[in-house]
Amino acid sequence: MKARSLVSLALGLALAASSMTACSSAPASSSKAQSAPSSSAPASSVAETPATTDYPKKPVQVIIPYAPGGGSDILTRAIMKYIKLPNDQNLVAINVEGAAGYIGCQQAATSSNDGYTILAHNPMDVVSYTLNGTAPDALWSEMEMICGVVDDFNVISTNKQSGWKTIDEAVAYIKAHPGEVKWGTTGAQNVNYGDTLRVLEALGIKDDVTLVPYDGGSASKTALMGNHIQMETNSSSDIRSSVASGDTIPLMVIGDRRAKALPEIQCTQELGYDITTTKPRGYYAPKDTDPAVINILADAIEEVTKNEEFIKSVEDLGLEVNFVRGDEMQLKVSKWADTLYPVFEEMMGTESSSK
Amino acid sequence: MNAIIAGFTALFSDPISLALLFFGIFFGIVFGCIPGLTATLGVALMIPFTFTMTPIQGLTLLVAIYVGGISGGLITATLINIPGTPSSIFTCYDGYPMAKSGKPGQALAIGVFASLIGGTFSAVALFAIAPQLAKVSLIFGNWEYFAVAFLGLMVVVTMSSNDFLKGLIGALIGLIVGCIGLDAVSGVSRLTFGAWQLQSGLQSTALMMGLFAIREIFNQSRDLGKPKMKIHLGKISFLPPLSEMKDCLKPLTLGCLIGTGIGILPGIGQNASTLISYNQAKAMSKHPEKFGHGSAEGICASEVSNNAVNGGALIPLITLGIPGDLTTAALIGGLMIQGLQPGPLLFTQNIDIVGTIMVSYFLANIVMYVMELGLMNIFVKAVNVKFSILFPAIVMFCVLGVFALNNRTFDIWILIVTGILAYILDQLGVDMAPIILGFILGPLIEKYYRMGMISENGNFAMILQHPIAVVCLIISLLFVFVPLFSKKIRQKKIGLNI
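In the order they appear, the protein sequences are chains Z and S.
Under my numbering, the first residue of the first sequence carries the number 866, and numbering increases by one thereafter.
Under my numbering, the first residue of the second sequence carries the number 2, and numbering increases by one thereafter.
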């Protein structure tokens, strides 16, 4: 008993210290609102759960649901490089790929919620597993969101062969030549496909193009370069190098703001289309992980996102830093999920009727 | 040309890079020749270490592991009939019989020599015409990929000419097993029986090691009590004997072209290339009956193409930023970790990086050749240990490698269960090669066919607008019908009923 209370005292001190550092170094601008709950939450959780003491006592495993060397993998390894966890502990990357990120996600969801297994994932992909029926339950809302770290964007682009320079030119051609243009997506029944349907609807060309779901962003990009498709919806990070070389011409960004990597390209929101889904990447913990643990991790990751070197390496990947605490992220994601739900219903419906 | 000079300068001005080249090849060969530990795993494991190196050092190391790893697989394939790496599966078919007939040194020398030829050919292609070849890879759309994969599947006829029915059974098993998991086009779960672990399908290294390593260990374990034949290497010559090589010009040329060609097509992969090369060589050989019984042509066809794929796969990587196979996908990570963006701009902005990849690839092939011949005696000693030590060690490495590739214990079960089922099938006379064929090519054919159909709104006739696809389909039909007829004629001549 005595030992336990001593340990919990130590935890309290550690937490206080970590939340103090988080507060004192919080940037003046955007994260003010976020830092307020961060300082109050650990205090309350200490009272509730005295059992979690000097966390972490051993390295924390991060499941990366993609192969080594992918964008998600490199992002997490960059975080591992800069992160400072209490007790001099580290993150350890575990790559578990398969089924477009689902295998690693499910493996993390079924892991012990002791705080020593977390998941690096794109919330909108996790949402799609549920909406398209791959996952039996709502993994994205059941798991605990630790935080969002960076944002990526889905971008509507064409190739240099088409000659189109603006989205209006493309739409005008498509309307004049219905059925001629092929439009690639990064998969079927994912958010990329769902948002493409919504954009096509908004542009009034839904029945005038043929959608071709490719097996990932790289395959779609290659098909666009070879002019097998004339338009595509692909992520900003995937098309970064081909945009730089002039092979891919970005026309419109899907999101509530412009992408920093493509400052001249207008976004759907400013053009008056109500499609605001970005492509955040963040961290999850298994269901019912101690909130104190989640706060320790979120604080440590937030520190990393303020590191200049880290920000630079994120920009090299074609992404932009956008740290968002778990609760706020979950709120954002669930709003997007609500708007996507009917789109997925329709997608699944046409799938089964066409069979 | 500038790239090559820049590459040589970068590499030779940094002794650490050169040392890493040698280390990488050695590490790669060791990884390649141990069944279960693959080139992909070797590269993936080394990527985190390249974080702290300069880009030149890191890339030299990764390219060297890649070359050593793919080539190293032939050693165990030849000496103990267990492929060290999945791309050496077809080397088993001829390397082992030749080694068993008392010519292990010769079998190894032929394999290593073919590796050198394949690697060097694709290095030259990489040096000379990489940007042009990259354009070729862009011409390939869904229909072209479909037709190439279909052509590959049709060689099942040449492959299973001994027992056509059992060949078909094998191919069908492979096709069914390949269906397991989420389908790539519409995301429907197939044959998973509600197990989420199966949504990603069967992990291919686990399946192949089950089929070829675990099964073969079961097979050979029946001889455990008997005294073991020691392998005597004899004298090693730097070049394989000319008498053996005189028929090999054709498979070597063919393998170079097929390997490099498939390498530049992202989305077909290394294993499919060896498979197609081996069976094409068999179909076009003057002595197809020798294939599977220690044919030098067979060893050449397999080893030349799996090494030619390496250079081919590097072409879309450095020119377009698109990985040609699994291992180059990991290499892209090696570039990105250094803050370099693989793609068209790499050629103009980071010519020294492009040059380093080219030059280290070229040099790695030569160093690999010398190193493998030099270390031959050590490898032979290693496999000459008692079966009771060798086999458990191999099983251990298979389990380790299969687990480490994706950090899942589930894959270990796939390895073991596949091994047991494969042994039963083997006893029933079903060859493993058609199973692999169906497993690798089935999903490719399905995916590209369905995507082709989607992009043409269900109109198959649109394939006529794709001449490459049409030519491939015509050749594949010839593959099916010509041997069937010639077999009938032959059988009539010797008075046999079918």
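Glycine is no exception: its CB is placed at the ideal position from the N, C-alpha and C atoms.
Q. Less than 7 Å separating the beta-carbons of glycine 256/S and serine 238/S?
A. The residue labelled residue 256/S in the question sits at position 255 within the second sequence. The residue labelled residue 238/S in the question sits at position 237 within the second sequence. Contact flag unset, no.
Q) Exposed or buried, which one is proline 892/Z when buried takes at least 16 other CB atoms within 10 Å? A) On the first sequence, residue 892/Z is found 27 positions in, with the first residue counted as 1. The predicted position of proline 892/Z is uncertain, since its pLDDT is 38 and thus under 50; a value taken from the coordinates is nonetheless stated next. So proline 892/Z counts as exposed.
Q.
When you compare the CB of serine 187/S with every CB in chain Z, is at least one pair closer than 7 Å?
A. Mapped onto the second sequence, residue 187/S falls at position 186. It does; some Cβ of chain Z falls within 7 Å.
Q) What residues in the region 1057–1081 of chain Z have a beta carbon less than 9 Å from any beta carbon of chain S? A) Listed in sequence order: Thr1075, Leu1076, Val1077, Pro1078, Tyr1079 and Asp1080.
Q.
At the level of alpha carbons, what is the spacing between serine 331/S and methionine 337/S?
A. As a working mapping, residue 331/S is identified with position 330 in the second sequence. As a working mapping, residue 337/S is identified with position 336 in the second sequence. Per the sequence shown, the amino acid found at residue 331/S is alanine instead of serine. Straight-line Cα distance between these residues: approximately 10 Å.
Q. Should the region 1192–1208 of chain Z be called in touch with the region 1136–1147 of chain Z, which here means at least 3 C-beta pairs below 8 Å?
A. yes
Q) How long is the line joining the alpha carbons of methionine 230/S and alanine 383/S, rounded to whole angstroms? A) Along the second sequence, read from residue 1 onward, the residue named residue 230/S stands at position 229. Along the second sequence, read from residue 1 onward, the residue named residue 383/S stands at position 382. One C-alpha to the other measures close to 14 Å.
Q) Among Ile1140/Z, Asp1164/Z, Ile1176/Z and Val1189/Z, which one has its Cα closest to the Cα of leucine 1205/Z? A) Within the first sequence, numbered from 1, the residue matching residue 1205/Z stands at position 340. Leucine 1205/Z has its Cα closest to that of Ile1140/Z, out of Ile1140/Z, Asp1164/Z, Ile1176/Z and Val1189/Z.
**Q.** Inter-residue spacing [alpha-carbon to alpha-carbon] between proline 435/S and leucine 442/S
**A.** In the second sequence, counting from the first residue as 1, residue 435/S sits at position 434. In the second sequence, counting from the first residue as 1, residue 442/S sits at position 441. For the pair proline 435/S and leucine 442/S, the Cα-to-Cα distance works out to about 10 Å.
Q) Are there three or more Cβ pairs, one per stretch, closer than 8 Å when the region 1121–1138 of chain Z is compared with the region 1099–1110 of chain Z? A) yes
Q) Taking the runs of the beta strand (DSSP E) that are 3 residues or longer, which of them lie wholly in the region 309–382 of chain S? A) none
**Q.** With 16 other Cβ atoms within 10 Å as the buried cut-off, status of valine 481/S
**A.** As a position in the second sequence, residue 481/S is number 480, starting the count at 1. So valine 481/S ends up on the exposed side.
Q: Residues of the region 261–289 of chain S with a CB closer than 8 Å to any CB of chain Z: list them in chain order, please.
A: If the cut-off is 8 Å between Cβ atoms, the region 261–289 of chain S has Pro267 and Gly268 near chain Z.
(Q) On a Cα-Cα basis, can you pick out the residue from Ile1032/Z, Val925/Z, Ile968/Z and Leu1089/Z that is closest to alanine 196/S? (A) Locating residue 196/S in the second sequence gives position 195, counting from the first residue. Measuring from the Cα of alanine 196/S, the nearest candidate turns out to be Ile968/Z.
Q) Nearest chain Z C-beta to glycine 59/S closer than 7 Å, yes or no? A) Your numbering for residue 59/S matches position 58 in the second sequence. Chain Z contact via Cβ: absent.
Q) Got a sec: is the Cβ-Cβ distance from methionine 945/Z to anything in chain S below 7 Å? A) Counting from one through the first sequence, the residue named residue 945/Z turns up at place 80. Output row for methionine 945/Z: interface = no.
Q.
Can you confirm whether the region 1014–1032 of chain Z touches the region 992–1003 of chain Z when touching is taken to mean that 3 or more C-beta pairs between the two stretches lie within less than 8 Å?
A. Touching, no, given that fewer than three Cβ pairs across the two stretches are closer than 8 Å.
Q | Backbone CA spacing between phenylalanine 151/S and glutamate 1135/Z [nearest angstrom] | A | Reading the second sequence from its first residue, position 150 is the one you call residue 151/S. Reading the first sequence from its first residue, position 270 is the one you call residue 1135/Z. Near 47 Å, if we compare the C-alpha coordinates of glutamate 1135/Z and phenylalanine 151/S.
Q: Report all residues from its chain with a CB closer than 8 Å to the CB of valine 189/S; omit the five preceding and five following residues, and keep chain order.
A: One-based indexing of the second sequence puts residue 189/S at position 188. Closer than 8 Å at Cβ, skipping near neighbours: Leu183.
Q) Excluding five sequence neighbours on each side, which residues of the same chain lie with their C-beta closer than 8 Å to the C-beta of valine 44/S? A) As a working note, residue 44/S is residue 43 in the second sequence. Within the same chain, valine 44/S has close Cβ partners Leu63, Ile66, Tyr67, Gly70, Thr328, Ala331, Leu332 and Gly335.
Q: Residues of the region 949–963 of chain Z with a CB closer than 7 Å to any CB of chain S: list them in chain order, please.
A: Across the region 949–963 of chain Z, CB contacts with chain S closer than 7 Å involve Ile959, Asn960, Val961, Glu962 and Gly963, in sequence order along the chain.
Q.
Is proline 1128/Z close to chain S? Criterion is C-beta to C-beta, closer than 7 Å.
A. The count along the first sequence starts at 1 and reaches residue 1128/Z at position 263. Output row for proline 1128/Z: interface = no.
Q. Under three-state DSSP, which class holds leucine 109/S?
A. Taking the second sequence and counting its residues from 1, one reaches residue 109/S at position 108. In the structure shown, leucine 109/S sits in a helix (DSSP, three-state: H, G or I).
Q. Would a check of beta-carbon distances place alanine 4/S closer than 7 Å to chain Z?
A. As a working note, residue 4/S is residue 3 in the second sequence. Judged by the 7 Å Cβ criterion, alanine 4/S is not in contact with chain Z.
Q) Per DSSP, histidine 986/Z forms a beta bridge with which residues? A) As a working note, residue 986/Z is residue 121 in the first sequence. DSSP output for histidine 986/Z lists Gly1147/Z as bridge partner(s).
**Q.** Below-7 Å beta-carbon distance, glycine 340/S vs any chain Z residue
**A.** Mapped onto the second sequence, residue 340/S falls at position 339. At least one chain Z Cβ lies under 7 Å of glycine 340/S.
Q.
Which residue wins for smallest C-alpha separation from proline 132/S, given the options Leu318/S, Met372/S and Leu406/S?
A. If you number the second sequence from 1, residue 132/S lands on position 131. With distances taken between Cα atoms, proline 132/S lies closest to Leu318/S.
Q: Check the Cβ-Cβ distances between asparagine 1099/Z and every residue of chain A, and say whether any is below 7 Å.
A: The displayed structure is made up of protein chains Z and S, and chain A is not among them.
**Q.** Given 8 Å, three or more beta-carbon pairs between the region 90–97 of chain S and the region 293–309 of chain S
**A.** yes
Q. What residues of chain Z sit near alanine 330/S, judged by a beta carbon separation below 7 Å?
A. Numbered from its first residue, the second sequence carries residue 330/S at position 329. Neighbours of alanine 330/S on chain Z, chain order: Ala932 and Gly934.
Q) Considering only the beta carbon of each residue, do isoleucine 1094/Z and valine 1077/Z sit closer than 7 Å? A) Locating residue 1094/Z in the first sequence gives position 229, counting from the first residue. Locating residue 1077/Z in the first sequence gives position 212, counting from the first residue. In this structure, valine 1077/Z lies closer than 7 Å to isoleucine 1094/Z by Cβ.
(Q) Under 7 Å, Cβ to Cβ, is there at least one residue of chain S near aspartate 990/Z? (A) The residue given as residue 990/Z occupies position 125 in the first sequence. Aspartate 990/Z does not count as touching chain S.
**Q.** Spatial neighbours of glycine 33/S in its chain, beta-carbon cut-off 7 Å, leaving aside the 5 residues before and after
**A.** For the purposes of this step, residue 33/S is taken as residue 32 along the second sequence, with counting starting at 1. Result list for glycine 33/S: Ala40, Gly69, Gly70, Ile71, Ser72, Gly73, Gly74, Gly85 and Thr86, in chain order.
Q: Could you tell me whether the Cβ of lysine 1197/Z comes closer than 7 Å to any Cβ of chain S?
A: To locate residue 1197/Z, count along the first sequence from 1; it is residue 332. By this cut-off, lysine 1197/Z is not an interface position.
Q: Mark proline 267/S as exposed unless 16 or more other C-beta atoms lie within 10 angstroms of its C-beta, in which case mark it buried.
A: One-based indexing of the second sequence puts residue 267/S at position 266. Answer is buried; the Cβ neighbour count reaches 16.
(Q) Going by beta-carbon coordinates alone, are phenylalanine 398/S and leucine 225/S separated by less than 7 Å? (A) To locate residue 398/S, count along the second sequence from 1; it is residue 397. To locate residue 225/S, count along the second sequence from 1; it is residue 224. Their beta carbons are not under 7 Å apart, which means phenylalanine 398/S does not touch leucine 225/S by this criterion.
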